[in-house]
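Protein chains in written order, with this note's numbering: chain A, 1 to 273; chain B, 1001 to 1335.
All C-beta atoms in this analysis are idealised placements derived from N, C-alpha and C, irrespective of residue type, glycine included.
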Amino acid sequence: MAEEKKPCLCGSGLTKIYGTGVQKNVAVDHVDFDCCQNEVISIVGESGSGKTTLAKMLLGLTKPTEGEIYFQGKKRDISNMKKKKEYWKRIQAIFQDPYSSFNTFNKIDAVLLDCIAMRNGKKYTRAKKIEIMEEACCFVNLEFDELTNKYPFELSGGQMQRLMIARVFILKPEILIADEPTSMIDACSRATILEMLMKLRKEIGMTIIFITHDIGLAYYISDTVFIMERGKIVESGPAEQVILHPKEEYTRRLISDVPKIHEEWDLSSVKYG
Amino acid sequence: MENVILEVKDLTTKYVTRFSEDVYAVDHVSLKTAEGKTLGIAGESGCGKSTLALSLMGYYFAPLHYISGEIRINGRNISSMDPDEIRKTILGTEISYIPQAAMNALNPTQKVIHFIEDVIQAHNPKTSKKEIYELARERFEILGLPADVLQKYPVELSGGMKQRTVIATSVILCPKILIADEPSSALDVTSQKMVIKMLRDLMENGFIKSMIFITHELPLLYNVADDIMVMYAGQIVEQGTAQEVVFDPLHPYSKGLMNSIIVPENGARGVKLSAIPGTPPNLKKPPQGCRFAERCKYVQPTCKTHEIDLQESEDGRAYRCAFSQNYLRKAYKNG
Chain A
1 MAEEKKPCLC
11 GSGLTKIYGT
21 GVQKNVAVDH
31 VDFDCCQNEV
41 ISIVGESGSG
51 KTTLAKMLLG
61 LTKPTEGEIY
71 FQGKKRDISN
81 MKKKKEYWKR
91 IQAIFQDPYS
101 SFNTFNKIDA
111 VLLDCIAMRN
121 GKKYTRAKKI
131 EIMEEACCFV
141 NLEFDELTNK
151 YPFELSGGQM
161 QRLMIARVFI
171 LKPEILIADE
181 PTSMIDACSR
191 ATILEMLMKL
201 RKEIGMTIIF
211 ITHDIGLAYY
221 ISDTVFIMER
231 GKIVESGPAE
241 QVILHPKEEY
251 TRRLISDVPK
261 IHEEWDLSSV
271 KYG
Chain B
1001 MENVILEVKD
1011 LTTKYVTRFS
1021 EDVYAVDHVS
1031 LKTAEGKTLG
1041 IAGESGCGKS
1051 TLALSLMGYY
1061 FAPLHYISGE
1071 IRINGRNISS
1081 MDPDEIRKTI
1091 LGTEISYIPQ
1101 AAMNALNPTQ
1111 KVIHFIEDVI
1121 QAHNPKTSKK
1131 EIYELARERF
1141 EILGLPADVL
1151 QKYPVELSGG
1161 MKQRTVIATS
1171 VILCPKILIA
1181 DEPSSALDVT
1191 SQKMVIKMLR
1201 DLMENGFIKS
1211 MIFITHELPL
1221 LYNVADDIMV
1231 MYAGQIVEQG
1241 TAQEVVFDPL
1251 HPYSKGLMNS
1261 IIVPENGARG
1271 VKLSAIPGTP
1281 PNLKKPPQGC
1291 RFAERCKYVQ
1301 PTCKTHEIDL
1311 QESEDGRAYR
1321 CAFSQNYLRK
1331 AYKNG
């Protein structure tokens, strides 16, 4: 790529330890990573490898035990609520479980209006607000007329996940952290969600950090791939290189565990653990 | 002649909603599974896969109602039996079911062994605890589960382990058919592979004779199933061997599904994924004519007026489309 790469979010020596003493559990172990603007990076690993903990630290939802996070070249400062809110305008997330991402007591309008308010749109007229909401819903192929006055639980999983993307569309953050956004919806809606994320990225020039256990998905969507094993990043590099020519044993295992259609899927090597 | 274990003919079941509306979630479905074979059922959320699985067991309770059709296990018709008899003589011994969130099926306050005792004693009340323990231990060892799992509480096990425990328990009485409804969709790829390996071991060891595997993950289904059935809006839209359905789909809906496959293989990166636009029809008021017409790329005006039956193609596959096989293949080639 000809364009200059600007580092956007960096972590150095990130560590998170849960519990103390015998219960001590190192979830993330001295992770260094950086992602550049307008790049899609994937963090891949099996359950319990610390992917989600890393995402939570990046989002500012949990405090790292050690290490620093640099945002746009500067050390991240979210010491008080005001600064935190300011940070969340620039970094947003889509979570794994769409069913628990929404407040069940709020209507969908409230969800979207909240986003408009976050973008200093509180003083907009009602008509202007509706226009923004309609635009956002249209972007994700939802009909605003059908959604208004409904509650989130009346939607299907795929629709909820798309509503999350509509939120992101209104907020236009610089970074989006997508934590397994497609693992709970079916393969057909998955294609739709991925397509929308890519469209959104093009539209607002956003950086996407994609967290998944499906290495096929990571290969399809990302420029750079980080492989995580037990809290450590064991391999990283361009998607093509990591997935087609893996160096680490762990990466190879992850790839061989995914069912494929053109190559044989070897079940004889499975060890019950 | 292959030995047919389960045969279903024209099975129709419906849900009755709060407002007394009828939703035909399984609409004239016929299928067959032979000994040693796995039948895969594919389709997107809400197409009736799970309802079909529930209906196959013949165990109906509101809001699911049986309408018509036959379910035969080894030639014995179970569709007209009353629920109590089915529970006593069919479930567990003839047909067994692993639900989608199988890990939630374990009682958190009981050890795994108690759960197994419950299952066995429901059918053979005279079996002693010692016999049950011996049987369970032996079975668990064959299936690669450590015997100490039996003395543990479900919270002490990992997700994949819980899932495998539930599977091992559900087949403890050697049912003829196992219905696995998305057994691995909540697991990561490594545990998924273990679950699949275990299902295959079950078949090889003769604990089950035949399996029905339900999932929306096509690469997985391709590796597990011998035959694949694609469902859409309660109907079968295509039936064929796994090879045929994945590499040479006939129905435009199956074709659409195959375009959403993601695999980590060389060359998969440049391929553009194409999602099927729109949403499945509301089954409270199913559309006239072909149910897929609204979302079909190759739709013709007659599709929306004429009811389309499942038709046999020249090479013995079944599909539900008005067009001929050659026409469809040509259309897919031209994009």
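Practice prompt. List the residues that DSSP assigns as beta-bridge partners of serine 1210 of chain B.
Written response: DSSP links serine 1210 of chain B through a beta bridge to B:Ile1177.
Worksheet item: Is the Cβ-Cβ distance between isoleucine 1142 of chain B and asparagine 1074 of chain B less than 8 Å?
Response: Contact flag unset, no.
Fill in: Reduced DSSP secondary structure (H/G/I, E/B, other) of glutamine 1239 of chain B
Correct three-state label for glutamine 1239 of chain B: strand.
Discussion item. Suppose you measure from the CA of proline 1108 of chain B to the CA of serine 12 of chain A; what does that come to, to the nearest Å?
Written reply: Approximately 41 Å between the Cα atoms of the pair.
Worksheet item: Counting contacts by CB-CB distance shorter than 8 Å, is proline 7 of chain A in contact with chain B?
Response: Chain B, which has no Cβ nearer than 8 Å to the Cβ of proline 7 of chain A, makes this no.
Practice prompt. Quick one: grab the DSSP three-state call for methionine 1081 of chain B.
Written response: The answer is coil: DSSP assigns methionine 1081 of chain B none of H, G, I, E or B.
Worksheet entry | asparagine 1223 of chain B (DSSP reduced to helix, strand or coil) | Reduced to three states, the DSSP call for asparagine 1223 of chain B is helix.
Worksheet item: If you draw a straight line from the C-alpha of lysine 1009 of chain B to the C-alpha of arginine 1320 of chain B, how long is it?
Response: Going by the C-alpha atoms only, they are around 17 Å apart.
Worksheet item: Does any CB atom of chain B fall closer than 8 Å to the CB of valine 270 of chain A?
Response: Interface residue, yes.
Worksheet item: Between the stretch 1023 to 1042 of chain B and the stretch 1221 to 1228 of chain B, do three or more beta carbon pairs fall short of 8 Å?
Response: Two segments are said to touch when three or more pairs of C-beta atoms, one from each, lie closer than 8 Å; by this definition the stretch 1023 to 1042 of chain B touches the stretch 1221 to 1228 of chain B.
Item to complete: Could you tell me the distance, in whole angstroms, from the CA atom of isoleucine 1132 of chain B to the CA atom of serine 222 of chain A?
Response: When rounded, the separation of the alpha-carbon atoms in isoleucine 1132 of chain B and serine 222 of chain A is 51 Å.
Worksheet item: Quick one: does leucine 1178 of chain B have its CB under 8 Å from some CB of chain A?
Response: No - not a single Cβ of chain A is within 8 Å of the one on leucine 1178 of chain B.
Fill in: Nearest-angstrom Cβ-Cβ length linking glycine 1036 of chain B and serine 1210 of chain B, presumed shorter than 8 Å
With a beta-carbon spacing of about 7 Å, glycine 1036 of chain B and serine 1210 of chain B fall inside the 8 Å limit used to define contacts.
Item to complete: Would you tell me roughly how many angstroms separate the C-alpha atoms of serine 1055 of chain B and glutamate 1265 of chain B, rounded to the nearest one?
Response: So the two alpha carbons sit approximately 38 Å from each other.
Worksheet entry | isoleucine 1262 of chain B versus B:Val1271, B:Phe1323, B:Ile1071, residue with shortest Cα-Cα distance | Per the Cα distances, B:Val1271.
Worksheet item: So, is histidine 1251 of chain B buried or exposed, given that buried needs 16 or more other C-beta atoms within 10 angstroms?
Response: When all chains shown are included, histidine 1251 of chain B counts as buried.
Discussion item. Please give the ranges of any beta strand (DSSP E) in the stretch 1229 to 1298 of chain B, keeping only runs that are unbroken, at least 3 residues long and fully inside the region.
Written reply: Segments of the beta strand (DSSP E) lying fully in the stretch 1229 to 1298 of chain B: 1235 to 1241.
Practice prompt. Could you spell out where the beta strand (DSSP E) holding alanine 27 of chain A opens and where it closes?
Written response: Run containing alanine 27 of chain A: 25 to 36, per the beta strand (DSSP E) assignment.
Discussion item. Here's the rule: buried if 16 or more other CB atoms are within 10 angstroms of the residue's CB, otherwise exposed. What is lysine 260 of chain A?
Written reply: Buried, since its Cβ has 16 or more Cβ neighbours within 10 Å.
Worksheet item: Tell me the DSSP bridge mates of glutamine 1311 of chain B?
Response: DSSP lists B:Tyr1319 as partners of glutamine 1311 of chain B.
Worksheet item: With which residues is tyrosine 1066 of chain B paired in a DSSP beta bridge?
Response: The secondary-structure analysis by DSSP pairs tyrosine 1066 of chain B across a beta bridge with B:Thr1013.
Worksheet item: Excluding sequence positions up to five away, which residues of its chain have a Cβ less than 8 Å from the Cβ of serine 236 of chain A?
Response: Within the same chain, Phe33, Thr224, Val225, Phe226, Ile227, Val242 come within 8 Å of serine 236 of chain A by CB-CB distance, once the 5 residues on both sides are set aside.
Item to complete: Kindly give me the distance between the Cβ atoms of aspartate 1181 of chain B and isoleucine 1086 of chain B, rounded to whole angstroms, as I take these residues to be in contact under 8 Å.
Response: With 8 Å as the limit, aspartate 1181 of chain B and isoleucine 1086 of chain B do not qualify as a contact, their Cβ atoms being about 18 Å apart.
Fill in: Distance between beta carbons of cysteine 137 of chain A and alanine 166 of chain A, contact taken as under 8 Å
Correct: roughly 6 Å between the Cβ atoms.
Worksheet item: Mind checking methionine 184 of chain A: buried by the 16 CB within 10 Å criterion, or exposed?
Response: Around the beta carbon of methionine 184 of chain A, a 10 Å sphere encloses 16 or more other beta carbons of the protein chains shown; the residue is thus reported as buried.
Worksheet item: When we look at the beta-carbon of methionine 81 of chain A and count the other beta-carbons within 10 Å, is it buried (16 or more) or exposed?
Response: Label assigned to methionine 81 of chain A: exposed.
Worksheet item: Got a sec: which bits of the stretch 65 to 82 of chain A sit with their beta carbon under 7 Å from any beta carbon on chain B, in order along the chain?
Response: Of all residues in the stretch 65 to 82 of chain A, none has a Cβ within less than 7 Å of some Cβ in chain B.
Worksheet item: Hey, would you say leucine 1283 of chain B sits closer than 8 Å to alanine 1025 of chain B, going by beta carbons?
Response: Contact flag set, yes.
Worksheet item: Just the Cα atoms here: how many angstroms apart are aspartate 1082 of chain B and leucine 1064 of chain B?
Response: Answer to the nearest angstrom: the Cα atoms are 14 Å apart.
Discussion item. What does the alpha-carbon distance come out to for the pair isoleucine 1177 of chain B and leucine 1006 of chain B?
Written reply: So the two alpha carbons sit approximately 8 Å from each other.
Item to complete: Specify whether the stretch 33 to 47 of chain A and the stretch 97 to 111 of chain A touch according to this definition: at least 3 beta carbon pairs, one from each stretch, less than 8 Å apart.
Response: Counting Cβ pairs under 8 Å, fewer than three are found: no touch.
Practice prompt. Quick one: which residues of the stretch 1223 to 1253 of chain B get their C-beta closer than 9 Å to a C-beta of chain A? List them in chain order.
Written response: For the stretch 1223 to 1253 of chain B, residues whose beta-carbon sits nearer than 9 Å to a beta-carbon of chain A comprise Asn1223, Val1224, Val1246, Phe1247.
Fill in: Proximal residues of chain B, C-beta to C-beta of threonine 192 of chain A below 7 Å
Those within 7 Å of threonine 192 of chain A in chain B are Ala1275.
Discussion item. Tell me which residues share the same chain as isoleucine 1196 of chain B and place their Cβ nearer than 8 Å to its Cβ, disregarding the 5 neighbours each side in the sequence.
Written reply: Spatial neighbours of isoleucine 1196 of chain B in its own chain (CB-CB distance under 8 Å, excluding positions within 5 residues in sequence) are listed in chain order as Ser1184, Leu1220, Asn1223, Val1224.
Fill in: Reference glutamate 1156 of chain B, options B:Met1103, B:Ser1324, B:Val1237, closest by Cα
Nearest of B:Met1103, B:Ser1324, B:Val1237 to glutamate 1156 of chain B, Cα basis: B:Met1103.
Worksheet item: What in chain B is Cβ-close to isoleucine 243 of chain A, meaning under 7 Å?
Response: Residues of chain B with a Cβ closer than 7 Å to the Cβ of isoleucine 243 of chain A are, in chain order, Pro1264.
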